[in-house]
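In this text, residue positions in the sequence shown follow the numbering used here: the first is 1154, and each later residue adds one.
Cβ atoms here follow ideal geometry from the backbone N, Cα and C, with glycine treated the same way.
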Amino acid sequence: MLRLAFWSLLFLNAALFAYAQGLFGTSKSNEHEPARLKRQFNTAKMTLLTREQAEAAAKAATPPGGGDTATGSADAASAAASAPATVAANAVTPVSAPAPAPAFACTEIGPLDAANARRFEARLAALDLGDRQSRQTVQAQDVTSWLVHIPSQGSKEAADRKVAELRELGVTNFYVMQGDSPLKYAISLGVFKTESGAEALLAQLGKQGVHTARITPRGPQTVHYVYRVRELDAATRRRIESYAERYDGAEVKNCG
1154 MLRLAFWSLL
1164 FLNAALFAYA
1174 QGLFGTSKSN
1184 EHEPARLKRQ
1194 FNTAKMTLLT
1204 REQAEAAAKA
1214 ATPPGGGDTA
1224 TGSADAASAA
1234 ASAPATVAAN
1244 AVTPVSAPAP
1254 APAFACTEIG
1264 PLDAANARRF
1274 EARLAALDLG
1284 DRQSRQTVQA
1294 QDVTSWLVHI
1304 PSQGSKEAAD
1314 RKVAELRELG
1324 VTNFYVMQGD
1334 SPLKYAISLG
1344 VFKTESGAEA
1354 LLAQLGKQGV
1364 HTARITPRGP
1374 QTVHYVYRVR
1384 ELDAATRRRI
1394 ESYAERYDGA
1404 EVKNCG
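Shown next as C-alpha cells:
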C-alpha cells in the first residue's frame, strides 16, 4: 500500500513539473506541443518554392568565381608547397664563375748561358707549367770585355787621317786595328773589363771633342737558351720576372 502511494505521488509531481514547463501547452491558449512547434517555425510565413526557383536561389547564393577561387587556392597551395623545394634546389646548385682569361699569351725569357739556364729551369719547375713551357737554343755572345773605339774608316789612308785628328785633340792612347774582321781600320781607344769603365772613358773623350767613339762588348759566340711560356696570369708573370732579374743579360718580354 505504501509503495503504491509513493509511486502515485512521484507520477503526480512529474506531471506537475511537465505542465509547469509548458510541455502540455498553457491554459490560456490551450497550446500543445504541435502548436508550439508550428508557432516556432512560423509556418504561416513559409512559402514553397518550385524547382526552378530553388536552383536560381542556389546560384544566387554561390559567390562569383567560386570554382576559380578554389582552383586558384589549390594552385597557390601547390606552389607554396613546392617553393621550398625549388629554393633548396637552387641553393644546392653552385653557380660556377667563369675562369679568368690569361693576362699574357706568350712570355719570352733570355738569353741565358748554359749554367744560368740550368738554375732558371730549376725555378720554373716549381711553377708546374707543363707543356706551356718550351726552350730554344740561340747563338749569343759571352761578353768578357768592352771596347771603346772609333768605327772602321774603311781604308788605311782614312784611318791615318782620323789618327791625325785625334792627336790634334790631345788624344794619344790609341791604335789602328788590323786583321780580317768588321773592325779592320777601326781605332781602338781602350779595353775595359767592366762596362762602367768604358763609359767613363767615353765621357772623357766627349769632353776632349771626340764624338764618334763607341762602346762594343767583346767575347766569344756560344750557345744560349731562350724560354717561352704561354698563358700566364699576372702573378706568375711577376714571379718569372723576379727569377730573370738574377741573371745578367736575361730579358723578359712578350712574344708572338
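- What is the rounded straight-line gap between the Cα of PHE1159 and the Cα of LEU1169? In the sequence shown, the residue the question calls residue 1159 occupies position 6. In the sequence shown, the residue the question calls residue 1169 occupies position 16. Between PHE1159 and LEU1169, the C-alpha separation is close to 16 Å.
Roughly how many angstroms separate the alpha carbons of ALA1397 and GLN1289, rounded to a whole number?
As a working mapping, residue 1397 is identified with position 244 in the sequence shown. As a working mapping, residue 1289 is identified with position 136 in the sequence shown. The alpha-carbon atoms of ALA1397 and GLN1289 are separated by roughly 16 Å.
Is there contact between the segment 1271-1291 and the segment 1307-1320, where contact requires at least three CB pairs shorter than 8 Å?
no
### Message
Please report the distance separating the alpha-carbon of TYR1338 from that of ARG1381.
### Response
The residue labelled residue 1338 in the question sits at position 185 within the sequence shown. The residue labelled residue 1381 in the question sits at position 228 within the sequence shown. So the alpha carbons of these two residues sit roughly 41 Å apart.
Just reading off the alpha helix (DSSP H) that PHE1273 is part of, what are its end residues? As a first step, residue 1273 must be located in the sequence shown, where it is residue number 120. Start and end: 1267-1278.
Practice prompt. Measure the C-alpha to C-alpha separation of GLY1118 and ILE1368 and round it to an integer number of angstroms.
Written response: Because the chain in this structure spans residues 1154 to 1409, residue 1118 falls outside the shown range and cannot be described.
Would SER1298 and LEU1336 qualify as a contact pair, given that the criterion is a beta-carbon distance under 8 Å? Walking along the sequence shown from the start, residue 1298 turns up at place 145. Walking along the sequence shown from the start, residue 1336 turns up at place 183. Taking 8 Å as the Cβ cut-off, SER1298 and LEU1336 do not qualify as a contacting pair.
Quick test of the definition: if touching needs 3 or more C-beta pairs under 8 Å, does the segment 1382-1397 touch the segment 1255-1267? yes
Enumerate in chain order the residues of its own chain whose CB-to-CB distance from ASP1295 is below 6 Å, with the five nearest sequence positions on each side excluded. Within the sequence shown, the letter at position 142 stands for residue 1295. Cβ within range, chain order: GLY1372, PRO1373, THR1375.
Practice item. Measure the C-alpha to C-alpha separation of ALA1213 and GLU1205 and round it to an integer number of angstroms. Key: Taking the sequence shown and counting its residues from 1, the one referred to as residue 1213 is at position 60. Taking the sequence shown and counting its residues from 1, the one referred to as residue 1205 is at position 52. Roughly 12 Å between the two C-alpha positions.
Check your understanding: Starting from GLN1361 and walking both ways along the alpha helix (DSSP H), at which residues does that stretch end?
Key -> Position 208 of the sequence shown holds residue 1361. Element bounds for GLN1361: 1348-1361.
Tell me the DSSP secondary structure of ALA1213 in three-state form. By one-based count along the sequence shown, residue 1213 stands at place 60. Helix, per DSSP.
| task | List the residues that DSSP assigns as beta-bridge partners of LYS1406. | result | As a position in the sequence shown, residue 1406 is number 253, starting the count at 1. Answer is GLU1261, bridged to LYS1406.
Practice problem: Tell me where the alpha helix (DSSP H) around SER1395 begins and ends. | Solution: Start at 1 with the first residue of the sequence shown, and residue 1395 comes out as number 242. Taken as a continuous stretch (DSSP letters only), the alpha helix (DSSP H) holding SER1395 covers 1387-1397.
For LEU1157, count the other beta carbons within 10 Å of its own beta carbon; 16 or more makes it buried, fewer makes it exposed. Which is it? Taking the sequence shown and counting its residues from 1, the one referred to as residue 1157 is at position 4. LEU1157 comes out exposed.
Original post:
In angstroms, rounded to a whole number, what distance separates the CA positions of ARG1392 and TYR1328?
Top reply: Taking the first residue of the sequence shown as position 1, residue 1392 is located at position 239. Taking the first residue of the sequence shown as position 1, residue 1328 is located at position 175. So the alpha carbons of these two residues sit roughly 47 Å apart.
Along the chain, where does the beta strand (DSSP E) that runs through ALA1421 open and close?
-> An answer regarding residue 1421 cannot be provided, because it is not within the stretch 1154 to 1409 covered by the chain.
Subject >> For VAL1301 and VAL1344, the rounded distance between their alpha carbons >> reply: Your numbering for residue 1344 matches position 191 in the sequence shown. Your numbering for residue 1301 matches position 148 in the sequence shown. Each residue's Cα considered, the two are about 6 Å apart.
Determine the direct distance from the alpha carbon of ALA1275 to that of ASP1281, and round the result to whole angstroms. Stepping through the sequence shown from its first residue, residue 1281 is reached at position 128. Stepping through the sequence shown from its first residue, residue 1275 is reached at position 122. Computed Cα separation, rounded: 11 Å.
Q) Does DSSP put PHE1170 in a helix, a strand or coil? A) The sequence position of residue 1170 within the sequence shown is 17, counting from 1. Three-state DSSP puts PHE1170 in a helix.
Which residues does DSSP pair with THR1375 in a beta bridge?
-> Residue numbering aside, residue 1375 sits at position 222 when the sequence shown is read from its first letter. For THR1375, which the question treats as bridged, DSSP gives the partners ALA1293.
query = Taking C-beta to C-beta, are GLN1293 and HIS1377 nearer than 8 Å?
reply = Translated into the one-based positions of the sequence shown, residue 1293 becomes position 140. Translated into the one-based positions of the sequence shown, residue 1377 becomes position 224. Reading off the sequence shown, one finds Ala at residue 1293, where the question assumed Gln. Yes, the Cβ-Cβ distance between ALA1293 and HIS1377 is below 8 Å.
Q) Excluding sequence positions up to five away, which residues of its chain have a Cβ less than 7 Å from the Cβ of SER1182? A) Counted from its first residue, the sequence shown places residue 1182 at position 29. In this prediction, SER1182 scores a pLDDT of 49, lower than 50, which makes its location untrustworthy; the coordinate-derived value is nonetheless stated afterwards. So the list is empty, once near-sequence residues are dropped.
Sort out for me which residues DSSP pairs ALA1343 with in a bridge. Along the sequence shown, read from residue 1 onward, the residue named residue 1343 stands at position 190. Rather than Ala, the amino acid found at residue 1343 in this sequence is Gly. Answer is VAL1301.
Helix, strand or coil at SER1287 [DSSP, three-state]: Position 134 of the sequence shown holds residue 1287. SER1287: strand per DSSP, three-state reduction.
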